[in-house]
Each structure stands twice: as C-alpha cells, then as structure tokens.
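Here the structure is laid out as structure tokens; the discussion comes afterwards.
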Ligand SMILES: [Zn+2]
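Numbering (my numbering), first residue to last: 369 to 566.
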C-alpha cells in the first residue's frame, strides 16, 4: 500500500511568474498540491485557515544562509503545508548544501518527488508509518504520528462514503427518517464548512 493515492500526489507546474511575495502563489499551490499538505497529505477542508506555505529549502538558517536567490518566491521551492508540518520543519536542513536535501538517512525529500511515497505507508486505520530510515527521520521530525493526521484521513474517507450513500437515501420508504438523515447531513456539512474557516 503506497502512502498517497495517485490522484493525491502533488505536482508543481512550471510557474515562473514574478511575484512580490511568495504568498501570492497560494492559489496555484492549492491546485498543484490537490488541496493537501505536501508532507502529511491531510486535506485542507477541515482546517483551511491554518494551512501555510513552506519553503522546502529554508530561507533562514542559524549558520550561514544559503545564497540561492530562488528560495524566497521561487515556485519550485514552495510546499503547501499544514501548520503542524510547517512548524515542525521550520529551518531544519541537515546538510550544508542547499542542493542536497538529505544525506545518510537524514533530511527531507521534496513532496513532489515520487520518492517521497517510498518512505511511508498508510495503514488501513489511517495512521502513517515510515518504512525506510530516511522516512523514519522525516516521520519523527515532522511529527507524522500526531493523531490529527489519522483523524483527518478517516474523516475524508467517511465523507467519501457519505457522498456515495446520499443519492440513495430517497430509496428510504420512511419519509420521516429520510428527512432526519438529510437534515443531519446538512448540519454536518455546514459544521465542516465552518470549521474550515476558523
Ligand atoms: Zn502536514
């Protein structure tokens, strides 16, 4: 079982538009990252207001900063990221070379790189597991063990099932029951939508 399903793997377009601030790339990142955090693959609908933009190669370092000018607004260096992964990753970069994201099983892999998928699996219960040494390093550094990743994965699965079932509700012969269930779903969806904006 691979970590991400094919339609949930991010793919950056080659966007070279000059922008004043990297945040101007947010709408394009949302499209290219399939509305998901590049690192944990959480979909943003349940907490969109807390999704951020990570610089894969960090802009700021305690040691000498990397010289590359591409690292601030260059689209190819941006990752749509949940707050949890972005905060955990911060300016970590274990190698001294901005062009070498990992070495000796320490460091990162660009989430748009297909190799990212080889580092983890998704268990049927929604938990993420590392399956390589490098994956294990990333897993611990980004706190991919946090329950929120499992919960959001399962919520998304449940929503998918609800979407499949909903068109069949009109087969219910008990009209009162039909009304109760559809009202429940309306309320549920309104809360999910609201949650996304707080
Ligand atoms: Zn994340």
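Each residue gets a CB set at the ideal place from its N, CA and C atoms; glycine is no exception.
Range covered by the beta strand (DSSP E) that runs through residue i
i	result
residue 422	419-423
residue 453	Careful: residue 453 lies outside any beta strand (DSSP E), inside the alpha helix (DSSP H) at 451-457.
residue 399	Not the beta strand (DSSP E): residue 399 falls in the alpha helix (DSSP H), residues 394-400.
Per-residue burial, residue i [other beta carbons within 10 Å of its own, 16 or more giving buried]
i	result
residue 515	exposed
residue 446	buried
residue 419	buried
Between the CA atoms of residue j and residue i - distance to the nearest angstrom
i	j	result
residue 473	residue 503	8 Å
residue 412	residue 450	8 Å
residue 563	residue 550	20 Å
residue 501	residue 467	20 Å
DSSP state of residue i mapped onto helix, strand, coil
i	result
residue 388	coil
residue 560	helix
residue 477	coil
residue 484	helix
residue 491	coil
Identity of the residue in the options nearest residue i by Cα
i	options	result
residue 526	402, 557, 459, 415	557
residue 590	499, 468, 493, 508	In the structure as shown, the chain starts at 369 and stops at 566, and residue 590 therefore has no counterpart that could be examined.
residue 397	374, 373, 371, 441	441
residue 482	399, 392, 559, 406	406
residue 453	480, 555, 512, 373	512
residue 378	477, 388, 522	477
Residue i: first and last residue of the uninterrupted alpha helix (DSSP H) it sits in
i	result
residue 530	515-533
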